[in-house]
Amino acid sequence: MGVLKVIEVLANSNKGWEDAARNAVAHASKTVKHIKSVYVQEQSATVTNGEISQYRVNVKITFEIED
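Residue numbers (the numbering used here): 23 to 89.
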């Protein structure tokens with residue numbers, strides 16, 4: 023087994039929390055290789071005119087460090 027590292031990423035979406043989590047992984051994967059998992063730690067949303075306008079997630083992304 024290799025060495026794993028965890029980073030914390032904040033992301034948002036106007037579609038939903040799942041899309042926000044996908045955005046977090048997509049953004050992290052631009053610079054981080056060997057992503058193994060994502061853990062959604064917190065969910066929140068902003069409200070405008072009585073409706074949700076932005077879904078937000080705070081996620082922990084686990085990836086393997088190359089030897």
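No residue lacks a Cβ here, since even glycine has one placed at the ideal position from N, Cα and C.
Keep in mind that this is a model prediction, so the values were computed, not measured.
Just tell me which of the options has its CA closest to the CA of residue i.
i, options, result
"valine 18", "Gly38, Asn80, Gly24 and Ala67", "Nothing can be reported for residue 18: it is not among the residues displayed for the chain, which extend from 23 to 89."
"lysine 58", "Thr84, Ile29 and Val31", "Thr84"
"serine 35", "Glu86, Ser51, Val69 and Glu88", "Val69"
"lysine 37", "Val54, Gly72 and Ala67", "Ala67"
"leucine 32", "Val47, Val25 and Gly24", "Val47"
Go ahead and pull the three-state DSSP assignment for residue i.
i, result
"asparagine 80", "strand"
"glutamate 88", "coil"
"valine 54", "coil"
Rounded C-beta distance between residue i and residue j? I'm assuming under 8 Å.
i, j, result
"glutamate 40", "lysine 82", "The Cβ separation is near 16 Å, so there is no contact."
"glutamate 86", "histidine 49", "Contact flag wrong, Cβ pair sits at about 19 Å."
"alanine 43", "arginine 78", "Contact doesn't hold; Cβ gap of about 10 Å is too wide."
What are the partner residues of residue i, as DSSP defines its beta bridges?
i, result
"asparagine 34", "Arg78"
"glutamate 73", "Thr70"
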